[in-house]
Amino acid sequence: MDYISTRGNAPALGFEDVTLAGLASDGGLYVPRDWPTLSRDEIAALAGKSYVDTAVAVMRPFVAGALDDAALHALCTEAYGRFDHAAVTPLVQLDHQHWLLELFHGPTLAFKDVALQLLGLLFERFLGHRDTTLTVVGATSGDTGSAAIDALAGRANVELFMLHPQGRVSDVQRRQMTTVLAPNVHNIAIEGDFDQAQAIVKALFADQEARGRLNLGAVNSINWARLMAQVVYYFYAAVRLGAPEQPVAFAVPTGNFGDVFAGYVAARMGLPVAKLIVATNVNDILARALGSGDYSMQGVTPTAAPSMDIQVSSNFERLLFDLAGRDGNALGAMMTTFDSEKKLDLPPTMVAEAANLFASARVDPDTMAMTMRWAYEHAGQVIDPHTAIGLAAARSFAGGDVPIVTLATAHPAKFRDAVERATGARPTLPSRLAGLFERQERYDTLPATLAAVKDYVLERS
Ligand SMILES: *Cc1c(COP(=O)(O)O)cnc(C)c1O
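Printed below as a string of structure tokens:
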């Protein structure tokens with residue numbers, strides 16, 4: 013499989029190179045040249061298959077040319093063997109229509125583990141063929157950081173620099189990152205918000221000097237391999253609820269548009285997805301863009317669901333690329349306008365086409381808290397604030413009686429204070445995190461400028 017840039021001006025790459033590359037050299041994001049499809053029979057044949065076997069069947073076309081089935085199977089077995097549930101991503105029924113897909117059984121208790129445990133192994137395998145060090149620089153609104161650190165700590169030939177917005181991640185999230193003392197892990201608290209941290213990472217990837225001196229890699233969802241790994245659980249869940257005969261809708265708590273874009277890929281591959289419900293909190297650029305074409309940045313409001321406190325959703329560009337008829341030059345021009353003016357009016361034809369598959373909802377803090385209480389009182393489920401936003405959007409969706417799966421993206425123990433405020437129940441820390449509050453922390457604090465971060469990274473790589 014060959015990968016091309018959404019901005020039409022970077023070399024096409026194979027899977028191995030695209031995994032190590034992150035952002036394309038023209039500032040675009042890599043996408044497969046064509047969407048592979050699974051036939052109805054191939055989807056039906058996933059019934060009863062293990063998570064690992066499902067993963068191999070779904071990811072096979074994307075890794076073609078870089079990994080054979082046996083290698084892919086071995087990597088998936090290792091990555092998903094570290095999850096503490098035998099189903100890897102179990103489904104939990106809430107009522108006659110609503111289900112939770114629990115994606116938080118990995119080592120750091122958030123759905124990011126599903127992709128990053130595999131990505132860490134892919135890095136190690138692909139770097140083993142080369143004689144280089146990969147400098148991975150990422151920004152996190154909370155969960156990517158700990159999941160990437162867990163996946164990469166101590167691995168050969170990788171240095172990891174992780175930027176988090178100072179004071180805007182939960183104490184559990186921060187400690188999951190800063191208490192990992194492996195010498196190849198560098199935690200940086202940025203004096204700014206997540207969008208500033210993410211902008212610095214993007215600027216570093218575009219910086220000629222940094223590109224020349226470092227071999228830069230990405231663990232954010234700009235990395236194609238991450239999205240690919242997330243496509244698997246859409247198939248896994250839908251098949252268990254009756255696909256391909258029965259279409260299934262998904263509600264997805266959304267920040268960088270990565271997780272829900274994986275659902276879009278599943279639909280392109282032939283999975284009968286009735287709707288993808290994009291759930292946002294009050295930081296609602298995506299709800300505005302999909303609802304009325306208003307793709308304009310506003311300030312970020314900190315909320316109880318910090319992984320969704322984002323205004324610029326990198327992966328939205330991948331959807332816009334398809335909506336623009338895969339014309340990289342046209343999309344490159346649109347994105348240049350957006351980068352300078354911080355706003356874009358999406359053409360009505362694009363909004364209409366997106367509406368065939370996507371719905372969206374903006375969920376305010378009261379509705380979020382009410383939904384946490386509903387899940388607790390009516391189905392005995394303690395859910396985290398991100399999941400609650402997804403479930404609130406699912407419950408407000410008026411799309412007939414298809415089963416709706418809400419992606420449960422984080423374990424409630426990561427957000428204990430918010431959960432306790434809403435439900436009165438305080439989730440206990442799973443044994444995986446025992447001792448977290450006694451461990452030593454290590455991180456440096458930097459101003460929110462490219463220059464400060466660049467110097468820091470160059471000195472330590
Ligand atoms: C990262 C994250 C999200 C948002 O996912 P995107 O892929 O960025 O849209 C939602 N919930 C939780 C708990 C997360 O960690």
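For the sequence shown, this note's numbering gives the first residue as 13, with consecutive numbering after it. Glycine is no exception: its CB is placed at the ideal position from the N, C-alpha and C atoms. Bear in mind the structure is a predicted one, so any value in this text is a computation, not a measurement.
In this chain, the beta strand (DSSP E) harbouring Asp456 covers Asp456 to Pro459. Short note on Thr152: C-beta not closer than 6 Å to any heavy atom of ligand 1.
The alpha-carbon of Met380 is positioned some 11 Å away from that of Ala291. The beta carbon of Ser17 sits no closer than 6 Å to any heavy atom of ligand 1. Distance from the C-beta of Phe328 to the nearest heavy atom of ligand 1 is not below 6 Å. Rounded to the nearest angstrom, the gap between the Cα atoms of Val43 and Gly34 is 11 Å. For the pair Ile416 and Ile322, the Cα-to-Cα distance works out to about 25 Å. Remark: C-beta atoms of Phe333 and Thr18 approach each other more closely than 7 Å. Distances between the C-beta of Gly157 and the heavy atoms of ligand 1 are all 6 Å or more. The residue from Asn169, Phe173, Ala201 and Arg167 with its alpha-carbon nearest to that of Ser182 is Ala201.
Inclusion of Val64 and Thr89 in the CB contact set at 7 Å is warranted, their separation being smaller than that value.
Linking Arg94 to Asp456 through their CA atoms gives a straight-line distance of about 30 Å. Residue pairing of Asn199 in beta bridges, as defined by DSSP: Met174. Annotated three-state conformation of Lys124 is helix, per DSSP.
One alpha carbon belongs to Phe123, the other to Thr421, and they sit about 5 Å apart.
Between ligand 1 and Asp271, a heavy atom-to-CB distance of less than 6 Å is present.
Distance between Gly282 and Tyr15, taken at the CA atoms: about 20 Å.
Between Leu146 and Asn268 the beta-carbon gap is near 21 Å, outside 8 Å, which marks them as no contact. Annotation for Thr120 indicates a beta carbon at 6 Å or more from all heavy atoms of ligand 1. Closest by C-alpha distance to Ser308, out of Gly275, Ala263 and Leu358, is Leu358. Note on geometry: alpha-carbon atoms of Pro73 and Gln208 lie some 36 Å from one another.
Between the region 404 to 413 and the region 349 to 363, the count of Cβ pairs shorter than 8 Å is below three; the stretches do not touch. One alpha carbon belongs to Val312, the other to Leu139, and they sit about 37 Å apart. In the three-state reduction of the DSSP assignment, Glu114 falls in the strand class, which pools E and B.
When the beta-carbon positions are compared, Pro442 and Val394 stay at least 7 Å from each other. Val149 is a Cβ neighbour of Val213, given a cutoff of 7 Å.
For Gln105, the uninterrupted beta strand (DSSP E) run begins and ends at Leu103 to Gln105, by DSSP. The C-beta distance from Lys287 to Leu369 rounds to 7 Å, short enough to meet the 8 Å contact threshold. Under the rule that a run must span 4 or more residues, the alpha helix (DSSP H) segments found entirely inside the region 271 to 325 read 297 to 304. Within the DSSP bridge table, the entry for Leu369 names no partner.
Between Leu462 and Ala215 the beta-carbon gap is near 5 Å, inside 8 Å, which marks them as a contact. Here DSSP, grouped into helix, strand and coil, assigns Leu462 to helix. In the displayed model, Gly132 falls within a helix according to three-state DSSP.
When secondary structure is reduced to three states using DSSP, Phe262 falls in the strand class.
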